[in-house]
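In what follows, a structure is listed as structure tokens, so that the remarks can point back to it.
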Amino acid sequence: MHDENRSWNDEDRPSWSEIDKRRNRSGHRREEKPAFEGTKKQQAYARTLALKNANQAFQIKKSPQRLADEKALAAAKGTPAFDELARNFFAAYGAAGDRQMQLLLLDCSLAEVTIPVIESLTETADRLEPAEKRLIASKLNVLAMTGKMKIKAAAKKALESLQ
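Position one of the sequence shown corresponds to residue 649 (the numbering used here), numbered consecutively onward.
What follows is the structure in structure tokens.
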């Protein structure tokens, strides 16, 4: 039975557990109101917007020059100029930084760039989520098979410490 003229909406309707909670409450309490009133979709959107704003507040602010350098480095991946750009980026900003740039620097074929990045990743690996550890381990597996001798050795050593 489909009722097109119904006056209620399934999304606005409380769940059975919510109905039970309301029944079990004392009648002398005020009804708790949510921080944001609206449909469940609107509440979900407001929650994601608030989380996004909170994440932006806690992110490290990067200079416009660094953002431009990161963009240029990402655009140069797979080109002959990538190694030189990676060397310049590493000289300017070092191995520490956000995980995305560290993973990008692992694609550099220069040992002077790749080995410190590998060491930096293994130092912070204990604070990582399992999915990030698997991503790093897969990149290190590739380096252990295809990199130059020094990079292979550093990648194998890092893989042992990750497991």
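From the three backbone atoms N, C-alpha and C, an ideal C-beta is built for every residue, glycine too.
Can you give the Cα-Cα distance for residue i and residue j, rounded to whole angstroms?
| i | j | result |
| --- | --- | --- |
| L751 | L697 | 28 Å |
| A724 | M797 | 24 Å |
| P728 | K689 | 48 Å |
| R673 | N701 | 35 Å |
| L715 | E685 | 38 Å |
| L758 | K719 | 20 Å |
| V812 | L783 | The question about residue 812 has no answer here: the residues shown for the chain are numbered 649 through 811. |
| E760 | F706 | 32 Å |
| S665 | T772 | 42 Å |
| K800 | L753 | 15 Å |
| L721 | K787 | 18 Å |
| N789 | L807 | 7 Å |
| S663 | K669 | 10 Å |
| E732 | T687 | 53 Å |
From the options, pick the residue whose C-alpha is nearest to that of residue i; which is it?
| i | options | result |
| --- | --- | --- |
| Q691 | P712, E777, D660 and N789 | D660 |
| K710 | D746, I766, L733 and K689 | D746 |
| N736 | N703, L754, G726 and D717 | D717 |
| A792 | E780, K805 and R714 | K805 |
| A802 | L769, L776 and R782 | L769 |
| E780 | V790, C756, Q748 and E767 | Q748 |
| G742 | I763, G726, E808 and F730 | I763 |
| S809 | F738, Y693 and D774 | D774 |
| A740 | A722, I708, Q713 and R671 | Q713 |
| G795 | T687, G726, C756 and A734 | C756 |
| E767 | L699, P778 and A785 | A785 |
Between which two residues does the alpha helix (DSSP H) containing residue i stretch?
| i | result |
| --- | --- |
| S809 | M797 to L810 |
| T687 | From DSSP, T687 is part of no alpha helix (DSSP H); its letter is neither H nor E. |
| Q748 | R747 to L753 |
| S663 | Unbroken run through S663: none, as it is neither H nor E. |
| R673 | R673 -> no alpha helix (DSSP H), and no H or E assigned at all. |
| L783 | P778 to T794 |
Does residue i come within less than 9 Å of chain C when only Cβ atoms are used?
| i | result |
| --- | --- |
| A722 | In the displayed structure, chain C is absent; only one protein chain is listed. |
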